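Chains R and L are the protein sequences, given in the same order.
Numbering follows the numbering used here, in which position 41 of the first sequence is assigned residue number 84; successive positions increment by one, without gaps.
Numbering follows the numbering used here, in which position 45 of the second sequence is assigned residue number 904; successive positions increment by one, without gaps.
Glycine included, every Cβ here is placed at the ideal spot set by N, Cα and C.
Predicted, not measured: the structure shown is a model, and the values here were computed from it.
Here the structure is laid out as structure tokens; the discussion comes afterwards.
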Amino acid sequence: MAKLLGGIATSHIPAIGVAMDQGLENTPYWKEFFEAYPPVRDWLYTQEPDIAIVFYNDHGLEFFHDRKPTFAMGAAAQYENADEGWGIAEIPPVTGETELSWHIVNHLIEHDFDITVCQEMKVDHGLTVPLTLMWPGHKYGHVKVIPVAINCERHPMPKPSRSYAFGKAIGDAVRSFAGDQKVIVMGTGGLSHQLDGQRAGFINKPFDLYCMDKMVDEPELLTCYSNYELVEKAGAQGVELNMWLAMRGALEGEGKLKELHRSYHLPISNTGAGLQLLATDNAR
Amino acid sequence: MTQTVDIPGTIMLDGPMATKGYPLNKMCYSFNNAAARNEFKQDEEAYYEKFKLTEEQRDAMRKRDVIAMLEAGGSIYYLAKFAGLLGLSVQDVGGLQTGMTTEEFKAFLVKQGEI
Numbered sequence: 044m045a046k047l048l049g050g051i052a053t054s055h056i057p058a059i060g061v062a063m064d065q066g067l068e069n070t071p072y073w074k075e076f077f078e079a080y081p082p083v084r085d086w087l088y089t090q091e092p093d094i095a096i097v098f099y100n101d102h103g104l105e106f107f108h109d110r111k112p113t114f115a116m117g118a119a120a121q122y123e124n125a126d127e128g129w130g131i132a133e134i135p136p137v138t139g140e141t142e143l144s145w146h147i148v149n150h151l152i153e154h155d156f157d158i159t160v161c162q163e164m165k166v167d168h169g170l171t172v173p174l175t176l177m178w179p180g181h182k183y184g185h186v187k188v189i190p191v192a193i194n195c196e197r198h199p200m201p202k203p204s205r206s207y208a209f210g211k212a213i214g215d216a217v218r219s220f221a222g223d224q225k226v227i228v229m230g231t232g233g234l235s236h237q238l239d240g241q242r243a244g245f246i247n248k249p250f251d252l253y254c255m256d257k258m259v260d261e262p263e264l265l266t267c268y269s270n271y272e273l274v275e276k277a278g279a280q281g282v283e284l285n286m287w288l289a290m291r292g293a294l295e296g297e298g299k300l301k302e303l304h305r306s307y308h309l310p311i312s313n314t315g316a317g318l319q320l321l322a323t324d325n326a327r
Numbered sequence: 860m861t862q863t864v865d866i867p868g869t870i871m872l873d874g875p876m877a878t879k880g881y882p883l884n885k886m887c888y889s890f891n892n893a894a895a896r897n898e899f900k901q902d903e904e905a906y907y908e909k910f911k912l913t914e915e916q917r918d919a920m921r922k923r924d925v926i927a928m929l930e931a932g933g934s935i936y937y938l939a940k941f942a943g944l945l946g947l948s949v950q951d952v953g954g955l956q957t958g959m960t961t962e963e964f965k966a967f968l969v970k971q972g973e974i
């Protein structure tokens, strides 16, 4: 059976990608942020995952409002990045896979998540920045990625409890897959931030720290929020917590998790940037 | 989502706002394409017409008034592509919306970590 090794939650803001392109990791603004990542990279190096399921939100590259899926996932052998319009460099294609992807699709539909399935989809910074952070120098080609997009842009969007249940169904699907693949899940985005309106710049550090704390053993305390409450507590784009919750949901059923890393840095661009690594007993 | 109580300084992009903002957001979505960005720069008014922006949206665009763009249904994810076309960062855009300079806005962000 395929095994879930653990989950990683990370920021995905575009400025991180730009900073890496320009080699700014050791400048005063970025140093502390990037110093958090080597322990997580070392863990990945040791664990050698075959597949990464990445929960992210598309910011208007693949999906526009003409057809905006609430939940979408890829089932393709490869995914490409493209011009997003504001200057982040495009990155080499991302390796996909189709067997586990279709297995997950079947499992989701069987368990009442009627998702959109994409056999071709462009992936934006929500997915590419985390990959670049985990495998710098664009050395992510050996990892097969399954992109899972959650609408976090236009209301209505999935409730936190639903995103969590969605993640849980994906975790169940992985556990029932007859292969020996090692799988990790990633939740990207967040934490608190608001880009738009007179309230732009709003960050809620205590709430972010609370979320990271509860993510380990009591995620149900976070799934009780509505998206409206998340906007209130974490800013308009704080609803990206939904991707963290989907990641955490996928690990439900793995028993007690080991928190191997947690860091939080503020501000990175307009956000509170969190990084968290939760390992299962399947990890070495 | 039904918004019952307003969150000050926050315009929820819900269904009715997405309907209102559709031409503006569609225009900004086109800025993913370099040829479209050039076409816009050549003749902004013709580009507004091409996407049938409402008068309110054209006015907000002409004035580079981000709050007015949001009130006209703009989604910040798409407006960000317009900001990129103008060479503005998200901190510049934050300053424009809050009446701060970019430096003041950056300092405001830092201050929220000091608790």
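Could you tell me the distance, in whole angstroms, from the CA atom of residue i to the CA atom of residue j?
i	j	result
R/Tyr183	R/Thr175	7 Å
L/Asp924	R/Ala119	41 Å
R/His198	L/Ile870	11 Å
L/Ser934	R/Leu318	27 Å
R/Gly214	R/Gly278	29 Å
R/Ser269	R/Glu196	15 Å
L/Asp951	L/Ile926	13 Å
R/Lys257	R/His236	19 Å
R/Val148	R/Lys46	18 Å
R/Val188	L/Lys885	29 Å
L/Ala942	L/Ala893	14 Å
R/Cys161	R/Leu170	15 Å
R/Pro179	R/Lys301	25 Å
L/Tyr936	R/Thr70	28 Å
R/Ala243	R/Val166	26 Å
R/Tyr271	L/Gln971	22 Å
R/Asp239	R/Ala221	46 Å
R/Ala316	R/Asn247	11 Å
L/Ala905	L/Glu930	23 Å
R/Glu297	R/Met44	14 Å
R/Trp287	R/Gln241	27 Å
R/His185	R/Gln224	13 Å
R/Gln280	R/Leu309	15 Å
R/Lys202	R/Val137	29 Å
R/His55	R/Asn313	12 Å
R/Asp324	L/Lys965	42 Å
R/Leu67	L/Leu883	35 Å
Using 9 Å as the threshold, is the C-beta distance between residue i and residue j below it?
i	j	result
R/Val217	R/Pro92	no
R/Ile51	R/Leu234	no
L/Gly932	L/Ala877	yes
R/Gly232	R/Tyr88	no
R/Phe245	L/Gly868	yes
R/Ile311	R/Met229	no
L/Val938	L/Cys887	For clarity, residue 938 of chain L is Leu in the given sequence; the question names Val instead. For L/Leu938 and L/Cys887, yes; Cβs fall inside 9 Å.
R/Ile94	R/Glu153	no
R/Gly49	R/Ala322	yes
R/Leu294	R/Trp86	no
R/Pro135	R/Met164	no
R/Leu151	R/Ala192	no
R/His168	R/Ser219	no
L/Asn891	L/Lys940	yes
R/Met177	R/Arg84	yes
R/Pro57	R/Val172	yes
Buried or exposed, going by whether 16 or more other CB atoms sit within 10 Å of the CB of residue i?
i	result
R/Asp101	buried
R/Leu264	exposed
L/Ile974	exposed
R/Met284	Residue identity differs from the one stated: residue 284 of chain R is Leu in this sequence, not Met. Buried, because 16 or more other Cβ atoms sit within 10 Å of the Cβ of R/Leu284.
L/Val864	exposed
R/Tyr72	exposed
L/Gln916	buried
L/Glu903	exposed
R/Leu143	buried
L/Pro875	exposed
Mind listing the chain A neighbours of residue i? Cutoff is C-beta to C-beta under 9 Å, in chain order.
i	result
R/Ile246	In the structure shown, chain A cannot be found, because the protein chains are R and L.
Given 8 Å as the limit, tell me if residue i has its C-beta closer than that to any heavy atom belonging to the ligand ATP.
i	result
R/Lys111	For the ligand ATP, the structure offers nothing, since it holds no ligand at all.
Would you be able to state if there are at least three C-beta pairs under 8 Å between the segment 71 to 78 of chain R and the segment 252 to 261 of chain R? no
Can you confirm whether the segment 130 to 138 of chain R touches the segment 45 to 61 of chain R when touching is taken to mean that 3 or more C-beta pairs between the two stretches lie within less than 8 Å? yes
If contact means a Cβ-Cβ distance below 8 Å, which residues of the segment 194 to 212 of chain R contact chain L? Listed by position along the chain: Glu196, Arg197, His198, Pro199 and Met200.
Specify whether the segment 198 to 213 of chain R and the segment 101 to 121 of chain R touch according to this definition: at least 3 beta carbon pairs, one from each stretch, less than 8 Å apart. Yes, the segment 198 to 213 of chain R is in contact with the segment 101 to 121 of chain R.
Residues in the segment 60 to 89 of chain R having any Cβ partner in chain L nearer than 7 Å: Cβ contacts with chain L: none found.
Please name the residues in the segment 930 to 944 of chain L whose beta-carbon is closer than 9 Å to at least one beta-carbon of chain R, in chain order. For the segment 930 to 944 of chain L, which is checked against every Cβ of chain R, the residues closer than 9 Å are Gly933, Ser934, Ile935, Tyr936, Tyr937, Leu938, Ala939, Lys940, Phe941, Ala942, Gly943 and Leu944.
Please list, in chain order, the residues of the segment 888 to 917 of chain L that have any C-beta partner in chain R closer than 8 Å. Tyr888, Phe890, Asn891, Asn892, Ala893 and Arg896
Check whether the segment 957 to 972 of chain L and the segment 878 to 897 of chain L are in contact - that is, three or more C-beta pairs closer than 8 Å. no
Residues, ordered as in the chain, of the segment 302 to 316 of chain R that lie near chain L by beta-carbon distance below 7 Å: Listed by position, the residues of the segment 302 to 316 of chain R near chain L (Cβ gap below 7 Å) are Leu309, Pro310, Ser312 and Asn313.
Along the segment 98 to 114 of chain R, what residues have a CB closer than 7 Å to any CB found in chain L? His102, Gly103, Leu104, Phe107 and His108
Closer than 8 Å, Cβ to any Cβ of chain L: which residues of the segment 111 to 145 of chain R, in chain order? Ala125, Asp126, Glu127, Gly128, Trp129 and Gly130
What residues in the segment 271 to 296 of chain R bring their beta carbon closer than 7 Å to a beta carbon of chain L? Tyr271, Val274, Glu275 and Ala279
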